[in-house]
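**Student:** Just so you know, the working numbering puts 37 at position 37 of the sequence shown, and the rest follows in order with no gaps.
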Amino acid sequence: MTHLLKIVGLILSNFYNNLIDELRKKLEQAKKVVLVGSGMYPYSLFDMFKRHPDKSYFGIEISPQKTKLAKLITSKTPAKDNIIYYTENAFTFDYSEFDQDDMIFISCDVDSKPTIEQIIKTSGAQFWICA
């Protein structure tokens, strides 16, 4: 049984590493990066900007209060000219400005099923669900 668990662990570890490598490659190619459910402190957008300052970033947040705070915080950072925020419902947002080379990350706080349906309906962008 212990041997089987080690084998399963190795398989899962290999799968995870391949997935991360694929994600990094796609992120390198993307021109635009979107975070659906960006919240009031979009740390993930700041982190991606730090690693890839040549890209355009977008935050989509349904709460006007959270968007307002995110804009205020972002205005005090080096990313101030690279992140645009939308106060919108992810289920009805028009993702058509994002194409197949762009990446859309969906926060785990957002209901992914209707969000994915809307992305597919309005855009060719790749989407990833954040854990």
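For glycine and all other residues, C-beta sits at the position ideal for the given N, C-alpha and C.
Nearest to Q65 by alpha carbon, out of P53, G37 and F91?
**Tutor:** The option with the nearest alpha carbon to Q65 is G37.
**Student:** By the three-class DSSP mapping on this structure, what secondary structure does E61 have?
**Tutor:** Strand, per DSSP.
**Student:** Measure the Cβ-Cβ separation of A125 and D94 and say whether it is below 8 Å.
**Tutor:** Cβ atoms of A125 and D94: not closer than 8 Å.
**Student:** Taking A90 as the reference, which of N18, K68 and D111 has the closest Cα?
**Tutor:** The shortest C-alpha separation from A90 is found at D111.
**Student:** Is it the case that the Cβ atoms of G39 and E22 are separated by a distance below 8 Å?
**Tutor:** Contact: no.
**Student:** Using the C-alpha atoms, what's the distance from I116 back to Y57?
**Tutor:** About 19 Å.
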